[in-house]
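To keep things clear, I will list the structure first and then write my remarks on it.
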Amino acid sequence: MSTSPAITVDVVSDVMCPWCYIGKRRLEAAIKQVPDLTVDVRWHPFQLDATLPKTGKDRQQYLSDKFGGLERAKQIYAQIEAAGREEGIPFAFDKIKLSPNTLDCHRLILWSRVDDVQNDVVERLFKAYFIDGEDLTQTDLLVRISDEAGMESDLVEQLYETVTDLDKIQAQIAKAQETGVTGVPCFIIDGRFVLAGAEKAETIAAALQHAEETRANPDAEPVN
């Protein structure tokens with residue numbers, strides 16, 4: 045392991061985004077390719093569709109509206125399913141009945157940082173939605189995930205009875221948009237280098253290595 049400070053990777057993501065799940069797998073593979081580096085991954089919120097009601101929207105209707113028909117949606121998701129298989133993700137899109145508003149998911153991800161279980165919580169949310177077809181708008185599910193990840197689930201349950209940190213999440217999403225994030229996943233490496241999209245593991249690993257090699261050079265040019 046490197047004795048230098050950890051390289052931060054700030055991941056702007058939405059848990060209803062299948063490419064974000066794929067991006068997580070590729071980031072994990074990339075980190076394994078640079079074992080000499082210490083990498084600190086931090087998750088930040090984004091919403092693919094902020095217009096979704098708190099209770100979510102029928103999945104078939106959502107896909108039809110978004111892609112101009114279910115046939116087009118099936119073609120697109122077949123490609124995503126294939127990409128998922130390459131990364132060991134058994135997407136089960138047919139199990140998903142509801143497209144969720146993900147603000148409450150992002151609150152849980154924010155709270156999980158305190159317990160240093162962000163990656164675990166993000167993984168459990170992705171799995172619950174994309175593999176198990178669970179309803180991410182249900183507080184009971186989010187509380188259960190917090191418990192499984194080792195968080196204080198009683199406190200999480202109490203927090204969900206309030207609007208705690210909703211404004212913070214919305215402000216973070218707005219800030220991401222203001223800084224030019226228009227799609228996810230977006231990887232911000234060492235606060236200097238931006239990779240937009242679910243890049244291949246080799247590309248992410250090269251960016252991590254480049255960040256390490258240039259961080260001591262204050263004149264290094266940032267890349268976007």
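In short: position in the sequence shown from 1, add 44, done, that's our numbering.
All C-beta atoms in this analysis are idealised placements derived from N, C-alpha and C, irrespective of residue type, glycine included.
Nothing here was measured: the structure is a model prediction, and the numbers come from that model.
Just how far apart, CA to CA, sit residue i and residue j?
i	j	result
A127	Q214	30 Å
D138	D148	23 Å
A218	R116	30 Å
W63	S48	31 Å
D80	H254	13 Å
D176	T258	42 Å
Q105	P97	13 Å
L186	E192	10 Å
T95	D159	31 Å
Y173	E130	19 Å
A242	E72	12 Å
V207	E201	12 Å
P89	R168	16 Å
R69	Q182	26 Å
V228	D58	7 Å
L210	T226	21 Å
P262	G132	Confidence is the limiting factor: at P262 the pLDDT is only 46, short of 50, which leaves the residue's position unreliable, though a coordinate-based value still follows. Taking the straight line joining both Cα atoms gives about 39 Å.
I140	V78	36 Å
If you follow the beta strand (DSSP E) that residue i is part of, which residue opens it and which one closes it?
i	result
I233	230–233
Could you spell out where the alpha helix (DSSP H) holding residue i opens and where it closes?
i	result
P144	Taken as a continuous stretch (DSSP letters only), P144 belongs to no alpha helix (DSSP H), as it is neither H nor E.
F170	162–174
S190	183–192
E131	Run containing E131: none; DSSP gives neither H nor E here.
E205	Run containing E205: none; DSSP gives neither H nor E here.
How is residue i classed by DSSP in three states: helix, strand or coil?
i	result
F111	helix
L239	strand
S197	helix
T247	helix
T52	strand
D102	strand
I'd like the list of long-range same chain contacts for residue i, defined as Cβ closer than 8 Å, with 5 residues on each side in sequence excluded.
i	result
Q162	V85, R86, W87, I153, S156
I136	According to the sequence shown, residue 136 is Ala rather than Ile. So the list reads F174, I175, D176, G177, once near-sequence residues are dropped.
I189	L152, V165, R168, L169, A172
Give every residue of the same chain whose Cβ lies closer than 6 Å to the Cβ of residue i, excluding the five residues on either side of it in the sequence, and list them in chain order.
i	result
C230	V56, A240
C61	L92, V228
E125	F135
Looking only at its chain, what residues have a beta carbon closer than 7 Å to the beta carbon of residue i, apart from the 5 residues adjacent to it on each side?
i	result
A251	I233, F237, L239
G235	T52
A74	A245, I248, A249, L252
H150	P89, I213
Q) Curious, which full-length beta strand (DSSP E) runs of at least 3 residues does the region 74–100 contain? A) If we require 3 residues or more, the beta strand (DSSP E) runs fully inside the region 74–100 come out as 83–89.
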